[in-house]
Amino acid sequence: MLKFHNTLSGQLEEFQPLNGNEVRLYVCGPTVWSYAHIGNFRTFTFGDILRRYLKFKGYRLTHVFNLTDVDDRIINEAAKAEKSIDEFTAPFIDAFWEDSDALGIERPEIAPRATHHIPEMIRIIETLLENGHAYESEGSIYYRISAFPEYGKLSKINFAGNISGASGRVDTDKYDKENAQDFALWKFAGADEATGWDASFGRGRPGWHIECSAMAMKYLGETFDIHAGGIDLKFPHHENEIAQSEGASGKIFAKYWLHSEHLKVEGETMSKSLGNYFTFRDLLAKGYTPTAIRYLLLSVPYHKQLNFTFETLDGAEHTLERLRDFRKRLNEAKLSCGDNQDLQKIAKKSLSDFEAAMDDNLNSSVALAALHNLVREVNTSLANDTVLTANRDFILQTIDKIDSVLGIFGEEKEEILDTEIESLIEERQEARRNRNFARSDEIRDLLSEKGIVLEDTKDGVRWKRK
RNA sequence: GGCGGCGUAGCCAAGUGGUAAGGCAGAGCUCUGCAAAAGCUUUAUUCAUCGGUUCAAUUCCGAUCGCCGCCUCCA
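FYI, the numbering for the first sequence is 90 to 555, going by our numbering.
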């Protein structure tokens with residue numbers, strides 16, 4: 090039975106879709122004003138695990154993942170670069186999908202962009218103006234918190250206990266708002282401003298939160314199943330999405346709210362000033378592989394902070410090598426016909442352990458442990474020659490099922506060596522048969538320089554790339 | 001000032017009122033002509049500290065120390 094920790098209730102809840110076997114999922118995507126960092130990708134990897142696990146459970150999925158391609162930062166940066174918004178964001182959008190694909194993050198069914206949904210946002214704002222949930226002030230449109238008594242139900246923020254502007258970010262004098270907590274739905278844009286859209290209530294640009302309300306409701310309906318995103322979006326972004334959407338529709342916006350915790354780097358907040366800020370691309374440039382990064386990102390349950398360290402990332406590289414070696418070895422092993430019932434049981438248990446772990450609010454740590462236990466057991470059996478042909482098929486199927494969610498094994502590709510290397514390996518085997526170890530060691534060193542590692546096993550020589 | 005989370009072996013970590021998953025690193029072993037690689041085994045009398053509740057606490061309660069986050073830029 091699949092259970093999620095629902096931020097809305099603050100409790101672990103059994104997951105029950107609103108409509109039969111169909112799940113409608115919205116995950117907040119990136120603001121495409123620069124390259125996404127590994128913290129961003131922790132959340133997006135979580136979204137991917139959520140998506141894949143829902144499919145694993147047999148649900149039919151509509152997954153919407155937005156790209157925020159308009160906000161003040163983008164407008165300013167684009168202006169600085171003397172580019173249009175589209176020109177400015179295009180390379181970052183391309184880069185984002187490139188990174189995302191490399192990390193094995195499945196493409197969502199729908200990936201809408203804010204700039205393509207301005208009319209939808211305008212319509213919601215019109216509705217909110219009509220029903221008294223919004224008001225105009227100095228050309229901008231604000232949401233009237235006092236018209237939505239449930240405001241705060243997601244983040245559970247006690248506004249009474251707060252010092253106004255405790256974070257130093259609230260500039261209450263800047264806008265003429267009825268209430269300091271009221272937030273902008275539409276920001277006035279004067280005729281001199283390059284970026285603006287015309288609306289019945291005046292020219293301007295959308296506030297940050299309205300895009301998600303508009304795109305979620307357009308593609309998933311006024312009420313849908315799951316809304317997910319990073320913990321920092323809980324307030325104000327998601328709180329405001331709820332206020333806007335429910336204020337306009339009068340219906341519950343999303344049934345389950347899932348939030349992923351942040352990652353830290355070497356125990357500290359990731360920040361540019363600390364010099365521990367890494368984009369996905371930074372890590373690739375350091376020689377790390379996308380799957381190891383993915384492994385690290387999913388090795389800790391999404392709802393707990395993850396401490397990213399390079400020691401762990403090095404470890405993840407090795408762990409993945411072990412997993413891939415395992416699958417390859419199992420595939421290539423010379424087995425006798427038959428079916429070892431003990432091993433079948435072990436494989437079945439691993440799969441059920443995996444599922445039980447994921448059912449428990451996506452506990453990926455325990456899910457990985459189930460996989461590792463299977464690998465260890467089968468390795469032992471391989472060494473004892475107790476793996477039989479039927480076991481291999483079943484174990485490989487089990488691995489495939491688990492990996493349909495984790496996505497860490499990668500494609501099993503037939504690697505081909507060039508003939509020069511192949512003949513060197515053959516020459517070394519010949520030298521070894523003739524006990525010409527000087528020559529065989531020489532060849533081994535030569536191959537090592539070429540990045541080929543040899544493994545002398547009792548079944549012959551195996552090779553792999555470093 | 002308000003609110004939330006965390007502190008488990010060298011590192012990353014899961015976890016539960018009944019005595020500590022998993023991965024990496026380390027060590028030992030197997031294999032090997034020797035290596036390497038690979039595989040296996042092993043690694044916390046103990047879960048920040050101090051009290052309390054309990055037959056029993058890492059797990060519940062309280063205090064203390066330390067770390068992280070949110071309180072209208074944020075994944």
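Where is the CB? At the ideal position from N, CA and C, for every residue including glycine.
In this text the structure is predicted, and so the values were computed from the model without any measurement.
Own chain, CB closer than 6 Å to residue i, minus 5 neighbours either side, in chain order
| i | result |
| --- | --- |
| threonine 312 | Lys340, Ile341 |
| valine 494 | Arg141, Tyr142, Phe145 |
| glutamine 270 | Ile234 |
| alanine 167 | Ile174, Phe177 |
| isoleucine 514 | none |
| alanine 305 | Tyr115 |
| arginine 524 | none |
| asparagine 108 | none |
| leucine 460 | Ile491 |
| tryptophan 286 | Ile207 |
Beta-carbon gap between residue i and residue j smaller than 8 Å
| i | j | result |
| --- | --- | --- |
| glutamate 328 | tyrosine 240 | yes |
| glutamine 333 | leucine 243 | no |
| leucine 97 | leucine 150 | no |
| threonine 134 | leucine 387 | yes |
| valine 153 | leucine 322 | no |
| leucine 402 | valine 464 | no |
| phenylalanine 277 | glycine 228 | yes |
| alanine 374 | alanine 405 | no |
| isoleucine 303 | histidine 206 | The displayed chain sequence assigns alanine, not isoleucine, to residue 303. Yes. Within cutoff. |
| histidine 392 | serine 349 | yes |
| valine 467 | glutamine 518 | no |
| leucine 471 | arginine 416 | no |
| valine 116 | phenylalanine 185 | no |
| alanine 203 | aspartate 158 | yes |
| phenylalanine 369 | aspartate 188 | yes |
| leucine 347 | glutamine 394 | no |
| alanine 520 | serine 529 | yes |
| isoleucine 211 | alanine 288 | yes |
Selection from the options that minimises the alpha carbon distance to residue i
| i | options | result |
| --- | --- | --- |
| leucine 451 | Phe483, Ile484, Ile491, Asn420 | Ile491 |
| valine 542 | Phe498, Lys555, Gly499, Phe397 | Lys555 |
| leucine 440 | Gln430, Ser123, Asp428, Leu457 | Leu457 |
| valine 389 | Ile488, Val455, Lys547 | Val455 |
| proline 201 | Glu215, Ile182, Asp188, Leu192 | Ile182 |
| lysine 307 | Ala280, Gly291, Glu209, Tyr345 | Glu209 |
| lysine 547 | Phe397, Lys169, Asp474 | Asp474 |
| alanine 191 | Ile246, Thr378, Pro197, Thr508 | Thr378 |
| glycine 540 | Glu198, Arg528, Lys553 | Lys553 |
| isoleucine 127 | Leu372, Asp265, Asn165, Ile211 | Leu372 |
| arginine 383 | Ile194, Glu504, Gly99 | Ile194 |
| alanine 179 | Asn110, Leu156, Pro197, Asp287 | Leu156 |
| arginine 162 | Gly296, Gly499, Leu432, Thr469 | Gly296 |
| phenylalanine 272 | Glu330, Asp281, Arg196, His94 | Glu330 |
| glutamate 171 | Leu424, Thr469, Ala337, Thr284 | Thr284 |
| histidine 298 | Ser123, Ser338, His326, Ile505 | His326 |
| alanine 343 | Phe399, Cys301, Leu363 | Cys301 |
Neighbourhood of residue i by C-beta distance below 7 Å, restricted to the same chain and skipping five residues each side
| i | result |
| --- | --- |
| lysine 92 | Leu101, Glu102, Glu103, Phe104, Asp448, Asp449, Asn450 |
| aspartate 428 | Leu477, Ala479, Asn480 |
| asparagine 365 | Val354, Glu355, Glu357, Met359 |
| alanine 223 | Ile214, Leu217, Ile230, Tyr231, Tyr232, Arg233, Leu274 |
| threonine 132 | Gly318, Gly319, Ser349 |
| isoleucine 246 | Phe324 |
| cysteine 426 | Leu477, Thr478 |
Close-in-space but distant-in-sequence residues of the same chain around residue i (CB under 8 Å, 5 per side omitted)
| i | result |
| --- | --- |
| valine 112 | Pro106, Leu143, Tyr148, Arg149, Leu150, Thr151, Asp314, Ile315 |
| serine 256 | With a pLDDT of only 47 at serine 256, under 50, the local geometry of the prediction cannot be trusted, and the value read off the model is given with reservation. None. |
| lysine 423 | Asp548 |
| glutamate 198 | Leu150, Thr151, His152, Val153 |
Per DSSP, cross-strand counterpart(s) of residue i
| i | result |
| --- | --- |
| aspartate 551 | First, the amino acid is wrong: residue 551 is arginine here, not aspartate. Glu544, per the DSSP bridge assignment. |
| asparagine 108 | Glu111 |
| serine 226 | Ser229 |
| threonine 216 | None; threonine 216 has no bridge partner. |
| glutamine 100 | Asn95 |
| tryptophan 186 | Its beta-bridge partners do not exist; DSSP assigns none. |
| valine 354 | Glu357, Phe397 |
| glycine 293 | Phe277, Trp286 |
| histidine 316 | Tyr115, Trp346 |
| leucine 477 | Ser425 |
| leucine 156 | Arg202 |
| arginine 149 | Glu111 |
| aspartate 449 | Lys92 |
| threonine 368 | His126 |
| threonine 120 | Thr157 |
Nearest-angstrom Cβ-Cβ length linking residue i and residue j, presumed shorter than 8 Å
| i | j | result |
| --- | --- | --- |
| isoleucine 484 | alanine 436 | 5 Å |
| asparagine 110 | proline 119 | Not quite, the Cβ-Cβ distance comes to about 30 Å (not below 8 Å), so this is no contact. |
| isoleucine 532 | glutamate 516 | 6 Å |
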